[in-house]
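Reviewing the structure listed below.
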Amino acid sequence: METWDAIRARRNVRDFEDRPIPGADLDRILEAARRSPSSRNGQPWDFVLVADRERLQALSGVWRGAGHVARSAATIAIVAPVPDDERSAASLHYDLGQATIQTMLAAADLGIGSGHAAVRDQDLAREVLGLPGDRFLAWLIALGYPADRPLRPIEHPDRRPFDEVVHRETW
């Protein structure tokens with residue numbers, strides 16, 4: 012898929028086919044995540060790939076809206092250092108957002124659906140993933156082949172009109 016097609020095809024997928032993702036495709040998605048831009052090239056992330064069904068089930072308990080993680084073929088846990096102050100927290104979250112969307116676009120490029128999930132229960136995350144004390148689980152990105160329909164460019168997305176959100180020179 013071309014980049015523009017991947018951008019137009021990407022959507023949140025939370026219902027997945029019961030089939031594995033080839034290891035080479037998972038590595039490509041993880042490489043895209045690793046190459047994400049970050050403030051001062053700090054690369055403040057680690058990625059934990061989880062594909063074990065029992066571990067995915069346990070991991071889905073970190074947030075009430077993370078049930079799709081249990082049904083995914085694999086999930087990427089985005090792990091980051093606990094920020095020292097408000098400024099570093101703001102920078103960190105921006106960097107993690109860039110890694111998240113780059114990961115999801117790389118998956119879409121391969122026809123693999125993705126659905127993000129927030130994290131509330133850090134104690135459970137630490138237990139399931141074995142995280143060190145100076146790290147926290149920031150986001151989960153569940154991956155799998157969409158069960159309902161394959162990814163393809165969406166011609167009429169459910170988005171605010173272009174002219175309503177794009178302003179030129181001034182508001």
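Letter 146 of the sequence shown, counting from 1, is numbered 157 in my numbering, and no numbers are missing. No residue lacks a Cβ here, since even glycine has one placed at the ideal position from N, Cα and C.
Just verifying my parser: in three-state terms, what is the DSSP assignment at residue i?
| i | result |
| --- | --- |
| Trp150 | strand |
| Ile18 | helix |
| Ala88 | strand |
| Asp95 | coil |
| Ile165 | coil |
| Asp134 | helix |
| Gly108 | helix |
| Ser102 | helix |
| Val177 | coil |
| Ala129 | coil |
| Arg82 | helix |
| Leu142 | coil |
By DSSP's criteria, residue i is part of a beta bridge. Which residues make up the other side?
| i | result |
| --- | --- |
| Asp155 | Contrary to the premise, residue 155 reads as Gly rather than Asp in this sequence. Answer by DSSP bridge pairing, in chain order: Gly124. |
Please check the pair residue i and residue j, which I expect to be a contact at CB under 8 Å, by giving their CB distance rounded to whole angstroms.
| i | j | result |
| --- | --- | --- |
| Ala88 | Leu140 | 6 Å |
| Val24 | Pro157 | 5 Å |
| Asp132 | Val73 | 5 Å |
| Phe147 | Val93 | 6 Å |
| Gly126 | Ala153 | 5 Å |
| Gly155 | Ala69 | Actually they do not touch by this definition, with Cβ atoms about 18 Å apart. |
| Leu151 | Ala77 | 6 Å |
| Phe27 | Arg82 | 5 Å |
| Val130 | Ala118 | Not confirmed; about 19 Å, so no contact. |
| Arg163 | Ala20 | 5 Å |
| Pro55 | Ser47 | Actually they do not touch by this definition, with Cβ atoms about 10 Å apart. |
Less than 8 Å between CB atoms is the rule here; does residue i satisfy it with respect to chain C?
| i | result |
| --- | --- |
| Ile152 | In the displayed structure, chain C is absent; only one protein chain is listed. |
Check your understanding: In the segment 24-77, which residue ranges form an unbroken beta strand (DSSP E) of at least 3 residues, counting only runs that do not cross its ends?
Key -> 57-61
Exercise for review: Would you check if there are 3 or more beta carbon pairs closer than 8 Å linking the segment 105-113 to the segment 171-180?
Suggested key: no
Check your understanding: Touch check for the segment 54-71 and the segment 13-24: three-plus C-beta pairs under 8 Å?
Key -> no
Point to revise | Stretch-stretch touch, CB-based, cutoff 8 Å, three pairs: the segment 97-104 with the segment 24-41 | key: no
Check your understanding: Do the segment 128-142 and the segment 159-173 make contact, defined as three or more Cβ pairs closer than 8 Å?
Key -> no
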